[in-house]
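Going left to right, the sequence shown walks through residues 990 to 1286 as our numbering numbers them.
Positions of the beta carbon are idealized from the N, C-alpha and C atoms, including for glycine.
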Amino acid sequence: MRFIETRAALLFISPWILGFLIFTAWPVINSAYLSLTDYDVINDPSFIGFDNYVTLFQDPKVGLALRNTFLFTVMSVPTQLVVSLGLALLLNSATKATGFFRTAFFLPKMTPPVAVGILLLMLFNGQNGLINSFLGVFGIDGPAWTTDPDWVKPGLVLMSLWTVGSSVVIILAALRGVPQELYDSALVDGAGWWKRTLRITVPMISPTLFFLFIVDSINALQSFTEAYTAFFGAGNTTYSNDAALFYAIYLFQQAFEFLHMGYASALAWLLFIVIMAITGVQILVTRRFVHYEGGNS
């Protein structure tokens, strides 16, 4: 009976296993080999050892792309978490039309990333963009979001808030799981809203916040589509491209614009190692602040 059940389970999950082996595992393994070769997609790869890795450590563009990516990650991840938590708390306190607002917050997540990149140029245009026009109503002279290198990444961070809907829904689900009796006890003790949020809400949903912190960090380190569409698409040379040169964009350029596929594979493996290292540090440093029902992690 156990053999029959195991065979049936493997049969049901076989489409996923085949998809994983063909479209994930094999490309990863093959990219490790290509990272040790000189490969231009057109000709057969030729083995060159670790020359690509030596080159990437000497490439100033790699350092620039890593700095841009790290700075964007440090700016965007906490901002997204705080905004997502705030919106989720508002939804959780709503008594009517909760379903409507939950859908309204999530819908922007369905916007194609390319459209978000184009929308960024429309909203944050320094001359006639909607953001600066709104600031002008209050007498504030808005910055050149898309041309000033100091404001390119803040503009991208603000634009990333367009897609926090999924995080809002996840946090809202966690909020619905917090026992009401904890709030009732805190009210009896005279705790206000702010103290209840810090002492009850945040600790009780800390596993969810921890999960989003890790996932959002990984996504930010791989940021590509919105920045590429806004600052590099269709041969765009008008804007401050170096300020928006994220690591994934530079990897894409090496692979598909310059046809340095071997070098791009080495860049991809460096990114993989960096993400694994950062994720490991995040887990070691922050898990002590995560509260689980069985005790702290």
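As assigned by DSSP and simplified to three states, the class of residue i
i: residue 1082; result: helix
i: residue 1139; result: helix
i: residue 1027; result: strand
i: residue 1274; result: helix
i: residue 1227; result: Confidence in residue 1227 is poor, its pLDDT being 48 and thus under 50, which makes the residue's placement too unreliable to answer from.
Span of the alpha helix (DSSP H), counted from its first residue to its last, around residue i
i: residue 1032; result: It is not in any alpha helix (DSSP H) - residue 1032 carries neither H nor E in the DSSP assignment.
i: residue 1121; result: 1119-1126
i: residue 997; result: 991-1009
i: residue 1231; result: Here residue 1231 belongs to no alpha helix (DSSP H), and DSSP marks it neither H nor E.
i: residue 1048; result: Unbroken run through residue 1048: none, as it is neither H nor E.
i: residue 1098; result: Premise fails: residue 1098 is in no alpha helix (DSSP H) and is neither H nor E.
i: residue 1159; result: 1154-1165
i: residue 1106; result: 1102-1112
Nearest-angstrom beta carbon gap, residue j and residue i [assumed within contact, 8 Å]
i: residue 1153; j: residue 1073; result: 5 Å
i: residue 1197; j: residue 1160; result: 6 Å
i: residue 1092; j: residue 1212; result: Actually they are not in contact, since the Cβ atoms of residue 1092 and residue 1212 sit about 26 Å apart, beyond 8 Å.
i: residue 1210; j: residue 1264; result: 5 Å
i: residue 1045; j: residue 1036; result: That pair is no contact at about 17 Å.
i: residue 1062; j: residue 1206; result: 6 Å
Any non-hydrogen atom of the ligand ATP closer than 7 Å to residue i Cβ
i: residue 1144; result: Summarising the ligand content, the structure contains no ligands, and the ligand ATP is consequently not present.
Neighbour flag for residue i against chain B, beta carbons, 8 Å
i: residue 1194; result: Of the chains in the structure shown, none is chain B; there is only one protein chain.
query = Three or more C-beta pairs closer than 8 Å, one from the region 1204-1221 and one from the region 1004-1014: is that the case here?
reply = Three or more beta-carbon pairs separated by less than 8 Å are not found between the region 1204-1221 and the region 1004-1014, which leaves the two stretches without contact.
key: Validate contact between the region 1075-1085 and the region 1265-1281 using beta carbons, cut 8 Å, 3 pairs   = Fewer than three Cβ pairs drawn from the region 1075-1085 and the region 1265-1281 lie within less than 8 Å of each other, which leaves the two stretches out of contact.
task = Determine contact between the region 1040-1059 and the region 1234-1245, defined as no fewer than three beta-carbon pairs at a distance below 8 Å.
result = By the Cβ test, the region 1040-1059 is in contact with the region 1234-1245, since at least three Cβ pairs between them sit closer than 8 Å.
key: Segment contact flag, the region 1144-1151 with the region 1103-1110, C-beta cutoff 8 Å, min 3 pairs   = Verdict: yes, contact present.
task = Starting from the N-terminal side, write out each stretch of the alpha helix (DSSP H) that is 4 residues or longer and does not extend beyond the region 1173-1224.
result = Those alpha helix (DSSP H) runs which fall completely within the region 1173-1224 and span 4+ residues are 1182-1185, 1195-1210, 1214-1220.
key: At least three beta-carbon pairs within less than 8 Å, the region 1254-1264 to the region 1018-1026   = Under the Cβ criterion (8 Å, minimum of three pairs), the region 1254-1264 counts as touching the region 1018-1026.
ask   = Three or more beta-carbon pairs under 8 Å between the region 1161-1172 and the region 1184-1201, yes or no?
value = Yes, the region 1161-1172 touches the region 1184-1201.
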